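This report refers to the structure that appears directly beneath it.
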Amino acid sequence: MLKSYLTNLSSSELRTLAIASPCILVLLCWVLIIKPVSGTHSSLKQQLQQQQNDLRWMQQASHRVIQPARNTSQTETDFNLRQQVNDEFSKHNIILSRLNSSGSDQLSMTAENAVFEYLIQAIARLENQGINLSLAHITPLAESGKVSSKLTFRNGTQP
Numbered sequence: 068m069l070k071s072y073l074t075n076l077s078s079s080e081l082r083t084l085a086i087a088s089p090c091i092l093v094l095l096c097w098v099l100i101i102k103p104v105s106g107t108h109s110s111l112k113q114q115l116q117q118q119q120n121d122l123r124w125m126q127q128a129s130h131r132v133i134q135p136a137r138n139t140s141q142t143e144t145d146f147n148l149r150q151q152v153n154d155e156f157s158k159h160n161i162i163l164s165r166l167n168s169s170g171s172d173q174l175s176m177t178a179e180n181a182v183f184e185y186l187i188q189a190i191a192r193l194e195n196q197g198i199n200l201s202l203a204h205i206t207p208l209a210e211s212g213k214v215s216s217k218l219t220f221r222n223g224t225q226p
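In the numbering used here, each residue's number is its place in the sequence shown (first place is 1) plus 67.
Shown next, in the form of structure tokens:
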């Protein structure tokens, strides 16, 4: 059927078809293959750049944290672990959730949508007060400088 159709075409129609067919094929390849791949590539490149910027910022922020002088006065040791941790994080406007104590010497907690630099400062201050971070899982959020974290603290120098 196609062969009989093509043989019935005039020479000018055949030339037009011969020129238009490759052009249409190239356009179809562009629309269906090249453009989507190119768009995905540029989108992934942007995401990578943003994540590299976030990582660079987090590394710089962690080095800029000011380590306060070690201060373990008697009044600080009178507070329980939960109160000390809660007080320190509230100074930096970090809202804690899911505070779970296992005894008086360990506390697990979650901080959502926290400013990374403030989180690091609070952890450093707690360690200077003798409260050690034993486990940390920090995940960067889409908003630059914000993180979600799951932290576990222990009183004193226990492993």
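No residue lacks a Cβ here, since even glycine has one placed at the ideal position from N, Cα and C. Note that the structure is predicted; figures quoted are calculated from it, not measured.
Note on M68: under 16 other CB atoms within 10 angstroms of its CB, so exposed under the neighbour-count rule. E210 counts as exposed, since fewer than 16 other beta carbons sit within 10 angstroms of its beta carbon. If you draw a straight line from the Cα of V104 to the Cα of R165, it comes to about 43 Å. The shortest C-alpha to C-alpha distance from E194 to any of N222, S216 and S215 is the one to N222.
Judged by their CB atoms, K213 and T177 are not nearer to each other than the 7 Å cut-off.
Where N222 is concerned, the enclosing beta strand (DSSP E) starts and stops at K213 to N222.
In the structure shown, the three-state DSSP call for E155 is helix.
I100 has its alpha-carbon roughly 59 Å from the corresponding atom of G197. Here the stretch 145 to 159 makes no contact with the stretch 115 to 134; the two share fewer than three CB pairs at distances below 8 Å. Contact between S215 and E179 holds: their C-beta atoms lie close to 5 Å from each other, under 8 Å. M125 carries a helical assignment under DSSP once its states are collapsed to helix, strand and coil.
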